[in-house]
Every structure is written in structure tokens, then in C-alpha cells.
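Residue numbers (this note's numbering): 1 to 157.
Virtual Cβ for every residue (Gly too), placed ideally from N, Cα, C.
The structure displayed is predicted, hence computed values, not measured ones.
So the structure is just underneath, and the comments pick up after that.
Now the structure itself:
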């Protein structure tokens with residue numbers, strides 16, 4: 001913006017939030033994600049179930065996680081127990097986002113989709129997030145080129 005000019009910033013509603021939880025497959029870089037209205041144990045459990053469904057032949061699924069309370073809550077422990085030991089949690093030290101590869105994916109999503117977006121509704125923004133992550137999975141790489149692909153797909157939808 002030039003000095004003395006004011007630009008209108010479009011925001012999606014009244015500070016409404018939506019959360020995305022994801023799991024990054026270490027070998028292929030494939031992302032599995034779920035969305036929810038709150039960052040709760042239920043959202044994490046939905047993610048675990050989505051990963052279990054995506055990898056039905058895997059004997060053990062290892063999750064490398066930060067120390068969020070949702071990862072070790074009683075509700076989560078009960079849900080994991082019902083999976084008969086298929087899911088193994090590995091907690092990183094506190095304040096170690098650099099140690100978790102999925103954090104780079106979220107930084108990329110913020111840089112290319114959610115930060116400075118022009119969506120008028122939350123649903124449109126979440127569609128852009130989905131399209132971006134789908135394109136990322138198709139290319140198996142985080143790439144700034146995806147932003148243009150996402151915008152074209154959103155316009156066509």
C-alpha cells in the first residue's frame with residue numbers, strides 16, 4: 001500500500017474459527033487431515049480414526065506429536081485403547097515445533113492460503129485449504145505453485 005492509502009481487508013465473519021488436524025506419512029509425505037469447530041480430543045481422535053482407515057493393513061501406526069493436552073487426555077487414551085495397540089504415540093519435547101515435520105506443512109498452508117486471504121465466508125476459506133492440501137498430496141511436495149492451482153479450482157467449483 002502506498003502511504004496515505006487505506007485498503008479494505010475482508011474477514012470471514014465474526015472471528016469464527018475452524019481447525020484442521022493432520023498426520024503426515026513419513027515416507028511419502030502424504031497428508032491425512034480432518035476439520036473441526038474446536039481443538040479438542042475429539043478432533044484428534046477423528047484424525048487417528050482417519051489415519052487408521054487410510055492405512056488398514058498397517059500393524060502399527062506411529063504418531064509423532066507435540067505435548068498438546070488433547071494427545072494424552074483420558075478420552076484420547078480410552079479411544080486409543082479401543083484400537084488394540086495399533087496406534088503408538090511419541091511425544092516431542094515441549095516447545096519443539098522444528099522437530100515435527102507437519103509444522104512445516106501448516107506454515108506453508110498459512111503462507112499460501114489462510115494468511116491475507118480474500119474469502120468472505122469461512123466455508124470458502126476451508127474449501128481453499130482442502131484444495132491446497134489435495135493439490136499438495138497430488139504433487140507430494142509443498143510448493144508455492146499450488147496457490148494458483150487452488151485459486152483456479154476454487155473458481156471452477
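Along the beta strand (DSSP E) that carries residue i, what are the first and last residues, could you check?
i, result
"residue 34", "31 to 36"
Is DSSP giving residue i helix, strand or coil here?
i, result
"residue 60", "coil"
"residue 82", "coil"
"residue 2", "coil"
"residue 7", "coil"
Out of the options, point me to the one whose CA is closest to residue i's CA.
i, options, result
"residue 23", "84, 92, 64, 2", "64"
"residue 26", "101, 78, 18", "101"
"residue 32", "89, 50, 116, 99", "50"
"residue 20", "37, 69, 135", "37"
"residue 132", "116, 109, 124", "109"
Report yes if the CB atom of residue i is closer than 8 Å to the CB atom of residue j, and no otherwise.
i, j, result
"residue 30", "residue 61", "no"
"residue 89", "residue 52", "no"
"residue 79", "residue 48", "yes"
Since residue i is in the alpha helix (DSSP H), which residue starts that stretch and which ends it?
i, result
"residue 214", "As shown, the chain starts at 1 and ends at 157. That puts residue 214 outside it, with no answer to give."
"residue 132", "122 to 139"
Using the DSSP secondary-structure output, state which residues sit across from residue i in a beta bridge.
i, result
"residue 90", "64"
"residue 24", "31"
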